[in-house]
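First comes the structure, then the notes that go with it.
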Amino acid sequence: PARDIGRLLDRLHIVFVASSDTTTTPNPRICSVTLQDNVLVTSTTDAADSYEMIVVDEAHHIYSPGAPAPIQRLREKVEAVTLKTRPKGLILMSDISQSDGQTPPLYPEDHMLDMHEMRLEEVIRSTKRIVG
């Protein structure tokens, strides 16, 4: 039901650099997410005092040494929130095959966080295969 989705969304924040931001130096923003008329709507908000988990998608781009300035600011924002809130979990989702393959990403140092590498060996992109 919509009420259950609303409770779930109340616990979710996203951080991104908006592609619609036409300023010369777009900055990352933290947003809450709500469901309005079956549409997900984002609203700028402050970071929470704590997070159970932080998930970084496309980490191979965000932690790339040659990332453009807005993406570097996004990485800095994620790292600042991570260090401030000390979540129980930090997941960096990365596909090394999508990186430039020449320069390793600048992932956070292991001594800063209790990080472990996990490799997923199979990629499934077909919903028929997942359901079937």
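Each residue of the sequence shown is one higher than the one before, counting from 162 in my numbering.
Just so you know, even glycine gets a beta-carbon here, dropped at the ideal spot from N, CA and C.
Here the structure is a predicted model, which is why all the values come from computation and not from measurement.
key: Within 8 Å, strictly: CB atoms of residue 276 and residue 235   = Using a Cβ distance threshold of 8 Å, residue 276 and residue 235 do not count as a contacting pair.
Straight-line gap, residue 249 to residue 205 (C-alpha atoms, nearest Å) = Answer to the nearest angstrom: the Cα atoms are 24 Å apart.
message = Three Cβ pairs or more, each shorter than 8 Å: is that satisfied between the stretch 192-199 and the stretch 218-235?
response = A contact is defined here as three or more CB-CB pairs under 8 Å, and the stretch 192-199 fails this definition with respect to the stretch 218-235.
For residue 216 and residue 172, the rounded distance between their alpha carbons = Using only the alpha carbons, I get a separation of about 13 Å.
request  = My understanding is that residue 266 touches residue 220, with C-beta atoms under 8 Å, so please give their C-beta distance in whole angstroms.
outcome  = Between the beta-carbon of residue 266 and that of residue 220 there is about 7 Å, and that keeps the pair under the 8 Å contact cut.
request  = Confirm, please, whether the CB-CB distance from residue 208 to residue 242 is below 8 Å.
outcome  = A contact, by the Cβ cut-off of 8 Å.
key: Sheet register partners of residue 214 (DSSP bridge)   = Beta-bridge pairing links residue 214 to 250.
ask   = Expressed to the nearest angstrom, what Euclidean distance is found between the alpha-carbon atoms of residue 211 and residue 282?
value = The straight-line gap from Cα to Cα measures roughly 32 Å.
ask   = Three-state secondary structure (DSSP) at residue 173?
value = Three-state DSSP puts residue 173 in coil, outside helix and strand.
inquiry  = Against chain C, does residue 190 count as a neighbour if the rule is that its beta carbon must be under 8 Å from one of theirs?
reply    = Absent from the structure is chain C; it holds one protein chain and no more.
inquiry  = Need the endpoints of the alpha helix (DSSP H) that residue 223 sits in, please.
reply    = For residue 223, the enclosing alpha helix (DSSP H) covers residues 220-223.
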